[in-house]
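Student: Here the protein sequences line up with chains H and Z, keeping their order. Read in our numbering, the first sequence has 33 at position 33, and its numbers run on one by one without any break. Read in our numbering, the second sequence has 68 at position 68, and its numbers run on one by one without any break. Take a look at this one; I'll ask things after.
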Amino acid sequence: MVPIVQGLLGALTYRGSEGQWAWLLHRLSGIGVLLFLALHILDIFLLGLGPGVFDELLFIYKAPPFRVMEVFLIFGVLYHAINGIRIMIIDFWPQSTLVQRTLFRVELVIVAIIFIPAAIAMLAPIFRG
Amino acid sequence: MSASAERIARARATGNSFEVLSWFFMRLSGVILMFIVLFHLFYMHFVIGVDKINYALVVQRWENPLWRVFDLFLLFFALTHGLNGARYVIDDYVHGSGLNLLVKSIVYTLGFALLLMGTFIIFTFRITS
Chain H
1 MVPIVQGLLG
11 ALTYRGSEGQ
21 WAWLLHRLSG
31 IGVLLFLALH
41 ILDIFLLGLG
51 PGVFDELLFI
61 YKAPPFRVME
71 VFLIFGVLYH
81 AINGIRIMII
91 DFWPQSTLVQ
101 RTLFRVELVI
111 VAIIFIPAAI
121 AMLAPIFRG
Chain Z
1 MSASAERIAR
11 ARATGNSFEV
21 LSWFFMRLSG
31 VILMFIVLFH
41 LFYMHFVIGV
51 DKINYALVVQ
61 RWENPLWRVF
71 DLFLLFFALT
81 HGLNGARYVI
91 DDYVHGSGLN
101 LLVKSIVYTL
111 GFALLLMGTF
121 IIFTFRITS
């Protein structure tokens with residue numbers, strides 16, 4: 001565990017400008033989405049136990065705390081996807097490194113434009129009761 | 001220099017094509033995932049809605065073999081892209097060849113088990129015809 005903690009602390013204190021935050025968020029969102037994917041494969045595997053067990057366990061996903069987790073998931077997937085596009089732009093068009101700060105800010109705006117309405121729509125049912 | 005950058009430098013020096021293929025695979029699977037994951041999330045959250053997801057819905061959805069094919073692609077690309085990402089993360093933080101091998105063995109074994117479980121349920125779930 002210690003190297004992981006050291007690595008994360010190292011990452012958090014390294015330079016700290018756009019490129020580093022883009023990298024750190026890409027890594028954290030990637031790990032988060034992978035962990036959710038593992039959970040999701042396990043829950044779908046439980047379909048094999050029949051409707052009784054499967055529908056009984058679905059209350060977990062429908063509970064308010066999990067609805068909030070799902071909003072994090074949507075953010076993680078969206079960020080990872082849009083940041084992946086930024087990475088590929090930089091890979092295949094090296095001159096874009098000259099405007100990489102702007103590229104990252106544009107990316108955040110695009111993520112926000114898609115994420116905010118999606119998050120509101122997803123959280124609304126909790127408040128409606 | 002991070003472990004992944006070192007690996008790429010070593011790959012260039014020795015002509016190791018695995019890391020080049022890995023780099024290319026991340027871009028290719030990333031673009032594929034951008035379409036199928038975002039469509040999957042949009043469809044399940046906004047076309048169907050989390051409240052309506054249950055056993056009966058999966059039965060109905062998987063009556064169409066095209067959905068099974070879609071989900072198989074989703075499973076395969078998400079898991080392989082995620083596990084290859086996990087490999088980068090492990091190489092960045094877990095040093096020492098013994099520990100590195102141990103952590104990778106555990107993660108790959110779990111990943112392979114998840115791939116088998118997911119594939120199994122997609123191919124065998126209520127095949128009636």
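Note that CB positions come from ideal geometry on N, CA and C, so glycine has one too. Because the structure is a prediction, the values reported are computed rather than measured.
I need the straight-line Cα distance from residue 73 of chain Z to residue 45 of chain Z, nearest angstrom please.
Tutor: Rounded to the nearest angstrom, the two C-alpha atoms are 19 angstroms apart.
Student: Would you tell me roughly how many angstroms separate the C-alpha atoms of residue 88 of chain H and residue 82 of chain H, rounded to the nearest one?
Tutor: Going by the C-alpha atoms only, they are around 10 angstroms apart.
Student: Check the Cβ-Cβ distances between residue 13 of chain Z and every residue of chain H, and say whether any is below 8 angstroms.
Tutor: So, not an interface residue.
Student: Which residues, in order along the region 34 to 54 of chain Z, keep a beta-carbon less than 8 angstroms from a beta-carbon of chain H?
Tutor: The residues in question are 34, 37, 38, 41, 45, 46, 50, 51, 53 and 54.
Student: Are the Cβ atoms of residue 85 of chain Z and residue 34 of chain H separated by less than 8 angstroms?
Tutor: The answer is yes: Cβ separation under 8 angstroms.
Student: Using the C-alpha atoms, what's the distance from residue 121 of chain H back to residue 71 of chain H?
Tutor: Near 10 angstroms, if we compare the C-alpha coordinates of residue 121 of chain H and residue 71 of chain H.
Student: Tell me, please, whether the region 46 to 66 of chain H touches the region 89 to 106 of chain Z by the rule of three or more beta-carbon pairs shorter than 8 angstroms.
Tutor: No, the region 46 to 66 of chain H is not in contact with the region 89 to 106 of chain Z.
Student: Does residue 169 of chain Z get closer than 8 angstroms to chain H when you measure Cβ to Cβ?
Tutor: Chain Z is shown from 1 up to 129; residue 169 of chain Z falls before or after that span and cannot be answered.
Student: Nearest to residue 100 of chain H by alpha carbon, out of H:17, H:42, H:113 and H:62?
Tutor: Selected option, being the one with the closest Cα: H:17.
Student: To the nearest angstrom, how far is the alpha carbon of residue 63 of chain H from that of residue 19 of chain Z?
Tutor: C-alpha separation (whole angstroms): 42 angstroms.
Student: Using a Cβ-Cβ cutoff of less than 8 angstroms, which residues in the same chain neighbour residue 59 of chain H once the five nearest sequence positions on both sides are dropped?
Tutor: Answer for residue 59 of chain H: no residue qualifies.
Student: Spell out a yes or no on whether the region 44 to 62 of chain Z and the region 39 to 53 of chain H are touching, meaning 3 or more CB-CB pairs, one atom from each, closer than 8 angstroms.
Tutor: The region 44 to 62 of chain Z vs the region 39 to 53 of chain H: in contact.
Student: Consider the Cβ of residue 118 of chain Z: report whether some Cβ of chain H lies at a distance smaller than 8 angstroms.
Tutor: It does; some Cβ of chain H falls within 8 angstroms.
Student: According to the neighbour-count rule (16 or more other Cβ atoms, all chains shown, within 10 Å of its Cβ), is residue 1 of chain Z buried or exposed?
Tutor: Caution applies to residue 1 of chain Z, whose pLDDT of 49 falls short of 50 and renders its modelled position unreliable; the value that the coordinates give is listed next. With fewer than 16 Cβ atoms within 10 Å of its Cβ, residue 1 of chain Z is classed as exposed.
Student: Can you tell me the Cα-Cα spacing of residue 125 of chain H and residue 77 of chain H, whole angstroms?
Tutor: So the alpha carbons of these two residues sit roughly 21 angstroms apart.
Student: Contact defined as beta carbons within less than 8 angstroms: I believe residue 31 of chain H pairs with residue 118 of chain Z. What is the distance between those atoms, to the nearest angstrom?
Tutor: With a Cβ gap of about 19 angstroms, residue 31 of chain H and residue 118 of chain Z do not count as contacting.
Student: May I have the straight-line CA-CA distance separating residue 112 of chain H from residue 3 of chain H, to the nearest angstrom?
Tutor: In a straight line, the C-alpha of residue 112 of chain H is about 33 angstroms away from that of residue 3 of chain H.
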